[in-house]
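Remarks on the structure that follows.
There are 2 protein chains.
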Amino acid sequence: MTARVAEIIAVGTELLLGNVANTDAQDISQGLSELGINCFYHTTVGDNPERLKEALRVARSRADIIITTGGLGPTYDDLTKQTVCSFFGKELYLHEPTWARIRAYFEKLASPLTENNRQQAMLPVGGEIFENNWGTAPGCAFTADGDIRVLMLPGPPRECRAMFRHCAMPYLRALRGGALVSRIVRVFGLGESRMETLVRGRIEKAQNPTIAPYAQEGECFLRVTAYAESEEEAFALTEPAVAELTRLLHPHVYGVDVPSLEFVVLSLLTRHKKKLAVAESCTGGMIAARLTALPGASAVFMGGVTAYDSLLKINLLDVPRDILDEYGAVSAQTAEAMARGICARTGADLGIAVTGLAGPTGDGTDTPVGTVYLALCDSARGIVDCQNAVLGDERRRVRLAASGRALDMVRRWLDSP
Amino acid sequence: MTARVAEIIAVGTELLLGNVANTDAQDISQGLSELGINCFYHTTVGDNPERLKEALRVARSRADIIITTGGLGPTYDDLTKQTVCSFFGKELYLHEPTWARIRAYFEKLASPLTENNRQQAMLPVGGEIFENNWGTAPGCAFTADGDIRVLMLPGPPRECRAMFRHCAMPYLRALRGGALVSRIVRVFGLGESRMETLVRGRIEKAQNPTIAPYAQEGECFLRVTAYAESEEEAFALTEPAVAELTRLLHPHVYGVDVPSLEFVVLSLLTRHKKKLAVAESCTGGMIAARLTALPGASAVFMGGVTAYDSLLKINLLDVPRDILDEYGAVSAQTAEAMARGICARTGADLGIAVTGLAGPTGDGTDTPVGTVYLALCDSARGIVDCQNAVLGDERRRVRLAASGRALDMVRRWLDSP
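Top line first, the protein sequences correspond to chains A and B. Under the working numbering, the residue at position 156 of the first sequence is numbered 156, and the numbers go up by one with no gaps. For any residue, its number in the working numbering is found by taking its place in the second sequence, counting from 1, and adding 1000.
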């Protein structure tokens, strides 16, 4: 088995115009790293067949896995499939099941189907089809020039990421032999460099499994990846590392192999048979939106109030006007009154409240931009946790960090012995 | 004036491992677009001199502006300057003012200076220096092979962006004459292929300005770009196209050269001196979160209620229990009662309500997953708009589409004559 070398070619004029960042290349590169496949070049080209061919010519000379993203959509400038197949001498045919799926999709939406949509069901003869359960354009893979593998994935990041994980990675893994298991240790409340400092000794000595730190918006995680003959063996190899990392980073690890902090919060609420409601000011509905993004949230999440205007803090959350006058809207007292108010108004077992200054401008007092107060109320015990912090000076980050911290407060409370 | 063609080469193994996204290429591409400089390729290579040389060989054959990012730091793997200069046959010399600046910087930090830091003060003979006011590594530019311009910028996104804007853009602008203007026509409520079908004739005949369609999550837009001797002339060239596209796509165009639908809604509320509140069920806080993401939202957006649980529809929005019993939570009647309730409870001028089945599972009735009811209440007139639709079968998309449609209903009402 010789080591394979991959090259990613992103197709899309919007990338060259700077409308979007090439996150597909990042997502795919992470997956290739996990698979132990080297990637030496990323290339981006526009929706232009000649320049795509030029990129393919270059890639063909130095890689044996070529992965394209983008240009599989239904519009006239989506030319990746036609161009790549013509470059490698592959014919396209109408793949009936895909065409039926696309027609059904449009019928269900009661949306008119255009001739362009039929293009999306044209696929290379002899290739493998990656069904798209996240959008309309299927992806595909074929073998060319003897042993070059060519994979085509859709451009929209969500579709690309899902199809890469669910279809392309198994396809690539099969080329390699053996089994690979990848685990994720998720961390909230530590910056990436702080996390790395705490586990550096462990990361550096790691060979199999390997341990790699990643930063995400507002949180970070460690990926633990092991290779072995079987999946069971590979999993067993990851276990001691996962346990040690969890211990070293306690209490910041909110879960292993879980998708998100909100997922963990909903699971804990379900397990403890508790209902949650939220009272939001500066996060303006983000906490509720994060929780309700998950199916089944309604079983344990009741909803809440976005009391952006002080009037709503009074009318819908019963925050006493005195408290607002004396301490201001951004204060521990207001946060606590909001948390109590949302519990009382909704009958929830737990109420979490956030009030703060997201910026960019202050409120005319000394309170620095980025200041956030959070309070957690347990209907049986009253206020059980109250925190405050300055979470940076950029509106988007402050809101994201504040919503994460609110969720983490609920998580820690439910998780505490 | 021959049009110049740029190519961006990002240098950094962290990009190939997927640790970070290549946002430098995006930032630079946006600036190049503004300058009217075409960019046909982005390439990413690791911290490897041979592969960087290979990328330079390819770029030299097809571009006359080559911009590298990354690899200017003080560590042993920061080899961009040495590699690029050796490739183009340029000598490096110690640039005394830069060396003094770096020494002063380290003295101030009371941080030890290493021999590697001296590398950062080595600059190409005859080149132009881009001082770094945002970090330590200066950037630079030189002319090679007669008329190829080679620019080197630091990798950290903040430094790269600032140096590109403040140093590289003026350098590049001086090379070019003429002006470019790029406009954006934003569309809600049409799919990309439907939009394209409506304007295809117009797109295909477009030369200057060019017209390009783009899909974004939940909406789409057209970019209209013109070149001319002056900015005024270029702008004038875009005007008829923008007007015609707006007419062809009416009433789906929600704005020209505006950042987002929520921005337009807040602007209209401000212009009409109206306050808005929201009552959300299936969107679970997303409408509020989208509006409050923008600074200054508090002037016209009061907040709202996320009534995920029916109990909250009753307790916080005064939806009559009879209506819930008779018509169900997902019904026009409930949506209308929620819209009236949020107006009454908050004193807002406008109340928008959304209730629906985001899925993935149904509610045990015949109502298909994806069904959404929306109602808009004007406190002076009562319910002024009520809509329903089936918005697909994927939870995330249903919620995104429903929140967009709610915002668009407010937009259309405020925009109507």
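Here a beta-carbon is modelled for each residue, glycine too, at the ideal position from N, C-alpha and C.
Bounds of the beta strand (DSSP E) holding Tyr373(A) are 371-378. One Cα belongs to Asp1349(B), the other to Gly1359(B), and the distance between them is close to 31 Å.
Excluding sequence positions up to five before and after Arg1165(B), its CB lies within less than 7 Å of the CB of Gly1031, all in the same chain and listed in chain order. Remark: C-beta atoms of Arg1399(B) and Met1302(B) do not approach each other more closely than 9 Å. Exposed is the label assigned to Leu1094(B), since fewer than 16 other Cβ atoms lie within 10 Å of its Cβ. Contact annotation: the stretch 1172-1189 of chain B touches the stretch 1245-1261 of chain B, with at least three C-beta pairs closer than 8 Å.
The beta carbon of Ser1331(B) does not come within 9 Å of any beta carbon belonging to chain A, so the residue lies off that interface.
Not a single C-beta of chain A is nearer than 9 Å to the C-beta of Val1410(B). In the three-state scheme derived from DSSP, where H, G and I count as helix and E and B as strand, Asn132(A) is classed as coil. At a Cβ-Cβ threshold of 9 Å, Ala1212(B) and Thr246(A) do not count as neighbours. Under DSSP, Ala226(A) shares a beta bridge with Val181(A). Pairwise C-beta distances place the stretch 224-241 of chain A out of contact with the stretch 150-160 of chain A, as fewer than three of them are shorter than 8 Å.
Under the three-state reduction of DSSP output, Ala1406(B) falls in the helix class. Interface criterion not met: the Cβ of Val1253(B) is under 9 Å from no Cβ in chain A. For Thr13(A), the residues of chain B that pass the 7 Å Cβ criterion are Ala1212, in the order they occur in the chain.
Distance from the CA of Val1372(B) to the CA of Ser61(A), rounded to the nearest whole angstrom, comes to 52 Å. For Ile1037(B), there is no enclosing beta strand (DSSP E), since its DSSP letter is neither H nor E. No Cβ-Cβ contact shorter than 9 Å links Ser1182(B) with Ser1403(B). Neighbours of His95(A) across chain B, judged by C-beta separation under 8 Å, do not exist; the nearest C-beta is about 19 Å away.
For the stretch 1211-1292 of chain B, the full-length beta strand (DSSP E) segments reaching 3 residues or more read 1219-1228, 1253-1256, 1276-1280 along the chain. If you look at Cys343(A), you'll find it in the alpha helix (DSSP H) that goes 332-346.
Where Cys85(A) is concerned, the enclosing alpha helix (DSSP H) starts and stops at 80-87.
Cβ neighbours of Thr1143(B) within its own chain (closer than 7 Å, five residues either side excluded): Arg1149. For His1166(B), no chain A residue has a C-beta closer than 9 Å to its own C-beta; the minimum C-beta separation is roughly 17 Å. In this structure, Val300(A) keeps its C-beta atom at 9 Å or more from the C-beta atom of Ala353(A). Distances from the alpha-carbon of Asp318(A) to those of Tyr327(A), Pro295(A), Ala297(A), Cys343(A) put Cys343(A) closest. The alpha-carbon of Glu1054(B) is positioned some 26 Å away from that of Phe1130(B). Under the Cβ criterion of 9 Å, Met1338(B) is not counted among the residues facing chain A. In this structure, DSSP gives Asp27(A) a helical state, which the three-state scheme calls helix. Of the residues assessed, His42(A) falls on the buried side of the cut-off, its CB having 16 or more other CB atoms within 10 angstroms. The Cβ of Met1163(B) sits no closer than 9 Å to any Cβ of chain A. Thr1080(B) counts as buried, since at least 16 other C-beta atoms from the protein chains shown sit within 10 angstroms of its C-beta. Contact between the stretch 108-116 of chain A and the stretch 68-86 of chain A is established, with three or more Cβ pairs separated by less than 8 Å. With the criterion set as a beta carbon lying under 8 Å from some beta carbon of chain A, the members of the stretch 1018-1034 of chain B are Gly1018, Asn1019, Val1020, Ala1021, Asn1022, Thr1023, Ala1025, Gln1026, Asp1027, Ile1028, Ser1029, Gln1030, Gly1031, Leu1032, Ser1033, in sequence order. When DSSP reads this structure, Phe301(A) sits in a beta bridge with Leu276(A). Lys1273(B) has its alpha-carbon roughly 57 Å from the corresponding atom of Leu35(A).
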